[in-house]
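>
Residue numbers (the working numbering): 29 to 380.
#1: For residue 319, name the three-state secondary structure that DSSP assigns.
#2: Please report the distance separating the alpha-carbon of residue 89 from that of residue 307.
#3: Go ahead and label residue 356 buried or exposed: buried means 16 or more other beta carbons lie within 10 angstroms of its beta carbon, across all protein chains shown.
#4: Return the Cβ separation of residue 195 and residue 242 in integer angstroms, given the expectation that the two are a contact with Cβ distance under 8 Å.
#5: By Cβ distance below 8 Å, which residues in the same chain neighbour residue 112 in space, the five residues on each side in sequence not counted?
#6: Decide yes or no for the touch test of the segment 72 to 88 against the segment 303 to 318: beta carbon pairs closer than 8 Å, at least 3 of them.
#7: Taking all protein chains shown into account, decide if residue 378 is buried (16 or more other Cβ within 10 angstroms of its Cβ) or exposed.
#8: For residue 122 and residue 135, what's the separation of their Cα atoms in angstroms?
#9: Going by beta-carbon coordinates alone, are residue 171 and residue 228 separated by less than 8 Å?
#10: Can the beta-carbon of residue 251 be found less than 8 Å from the beta-carbon of residue 266?
#11: Fully enclosed by the segment 137 to 210, which alpha helix (DSSP H) runs are 4 residues long or longer?
#12: With a CB to CB cut of under 7 Å and the five nearest residues on each side skipped, what residues in its chain are close to residue 311?
#13: Report the rounded CA-to-CA distance for residue 204 versus residue 211, giving the unit in angstroms.
#14: Going by the C-beta, is residue 155 closer than 7 Å to any heavy atom of the ligand FAD?
#15: Less than 8 Å between the CB atoms is what I'm expecting for residue 214 and residue 202, so what's the real figure, rounded?
#16: Taking buried to mean at least 16 other C-beta atoms within 10 Å of its own C-beta, is residue 261 buried or exposed?
As structure tokens, this is what we get:
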């Protein structure tokens with residue numbers, strides 16, 4: 029994939045020292061200085077940039093009528109939805125997103141009578157082309173909407189992803205990608221529902237097993253409480269288990285809003301990435317989101333340091349109806365989102 033252009037780097041220079049220290053963080057066994065968004069690395073170093081996106085619901089809630097995701101797809105086509113962020117995603121080494129949608133023609137909905145406000149979300153199998161156009165290579169499928177249309181809907185979703193050559197992790201599916209000679213493992217887990225419940229011991233063992241096969245381990249969790257700006261006790265618990273088992277980066281989804289970015293035993297935990305391209309909500313109250321990037325730096329096959337980069341975004345270009353087109357923010361709006369994320373990071377308190 030292409031490297032960032034100089035123009036792209038200039039856009040995201042952080043305007044204040046406090047945000048610089050927070051948003052571009054150097055995690056290294058040895059002290060080093062950060063002189064810019066991209067260090068001048070030694071020739072023997074390998075730099076791998078991973079981009080992570082929040083909840084992507086590429087479809088409609090079943091009862092929606094008028095200005096639906098499907099309507100916009102029919103009018104605009106697959107390339108429309110991520111057009112404003114594709115340059116960034118295509119310039120990294122790999123992008124992972126949480127796919128909170130069934131991609132199926134199945135009509136039989138799963139029984140959700142025990143839920144207070146049930147939602148069923150699905151898109152067409154061909155919507156995998158949206159992911160391809162966006163340069164998204166891996167999706168997490170471990171979430172509370174993957175089985176909205178039962179086992180048949182789930183299986184057709186996986187078949188659609190396979191046909192599009194998009195890898196998926198979650199529900200016993202794991203991914204190993206080799207980039208620049210570095211093997212990267214991806215796993216996904218979900219906190220909710222009968223099928224999704226995982227014993228902590230099982231999660232730990234699965235992560236430890238895959239870690240023996242890879243050089244870098246990234247774990248996604250669908251967890252926490254919807255609209256909560258602070259992590260729940262369970263989020264802290266699962267994050268600790270993942271890191272102690274070998275995760276180098278933990279990515280969180282489900283709250284639908286941004287939560288803070290923490291650090292545990294030298295590893296980064298992004299508690300919630302919020303929504304990104306969310307077709308099931310036509311009038312979102314909170315439009316703030318981010319592209320989270322993590323740069324892993326290897327030397328002689330070993331991870332020696334890493335950096336994170338925050339790219340503030342809005343999940344829509346409009347202030348009214350959601351146009352389902354995430355866009356990069358700049359100026360005061362970008363600073364406001366950084367400030368929000370900084371404040372929510374200050375809320376993180378790791379339990380003993």
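Note that the Cβ used here is the ideal one computed from N, Cα and C, for glycine as well.
Computed from a predicted structure; not experimentally measured.
Once the coordinates are examined:
#1: Your numbering for residue 319 matches position 291 in the chain shown. Looking at residue 319 - three-state DSSP - the assignment turns out to be strand.
#2: Translated into the one-based positions of the chain shown, residue 89 becomes position 61. Translated into the one-based positions of the chain shown, residue 307 becomes position 279. In a straight line, the C-alpha of residue 89 is about 8 Å away from that of residue 307.
#3: Here residue 356 corresponds to residue number 328 of the chain shown, with the count starting at 1. So residue 356 counts as buried.
#4: To locate residue 195, count along the chain shown from 1; it is residue 167. To locate residue 242, count along the chain shown from 1; it is residue 214. Not a contact, Cβ separation roughly 14 Å.
#5: What you label residue 112 is simply residue 84 of the chain shown in a count that begins at 1. These residues qualify, in order along the chain: 345, 353, 354, 355, 356.
#6: Three or more Cβ pairs closer than 8 Å define a contact, and the segment 72 to 88 meets that threshold against the segment 303 to 318.
#7: Counted from its first residue, the chain shown places residue 378 at position 350. The residue in question, residue 378, is exposed, as its Cβ has fewer than 16 Cβ neighbours within 10 Å.
#8: Your numbering for residue 122 matches position 94 in the chain shown. Your numbering for residue 135 matches position 107 in the chain shown. Spanning the two alpha carbons is a distance of roughly 33 Å.
#9: Within the chain shown, residue 171 is the residue found at index 143, counting from 1. Within the chain shown, residue 228 is the residue found at index 200, counting from 1. In this structure, residue 171 sits away from residue 228, with a CB-CB distance that is not shorter than 8 Å.
#10: For the purposes of this step, residue 251 is taken as the residue at position 223 of the chain shown. For the purposes of this step, residue 266 is taken as the residue at position 238 of the chain shown. For residue 251 and residue 266, yes; Cβs fall inside 8 Å.
#11: Entirely contained in the segment 137 to 210, the alpha helix (DSSP H) runs reaching 4 residues are, in chain order, 156 to 162, 178 to 191.
#12: Along the chain shown, read from residue 1 onward, the residue named residue 311 stands at position 283. Closer than 7 Å at Cβ, skipping near neighbours: 349, 350.
#13: On the chain shown, position 176 is the one that residue 204 refers to. On the chain shown, position 183 is the one that residue 211 refers to. When rounded, the distance between both Cα atoms is 7 Å.
#14: Judged by which ligands are present, the structure shown has none, so any question about the ligand FAD falls away.
#15: What you label residue 214 is simply residue 186 of the chain shown in a count that begins at 1. What you label residue 202 is simply residue 174 of the chain shown in a count that begins at 1. About 7 Å; that satisfies the 8 Å criterion.
#16: The sequence position of residue 261 within the chain shown is 233, counting from 1. With fewer than 16 other CB atoms across the displayed protein chains lying within 10 angstroms of its CB, residue 261 is exposed.
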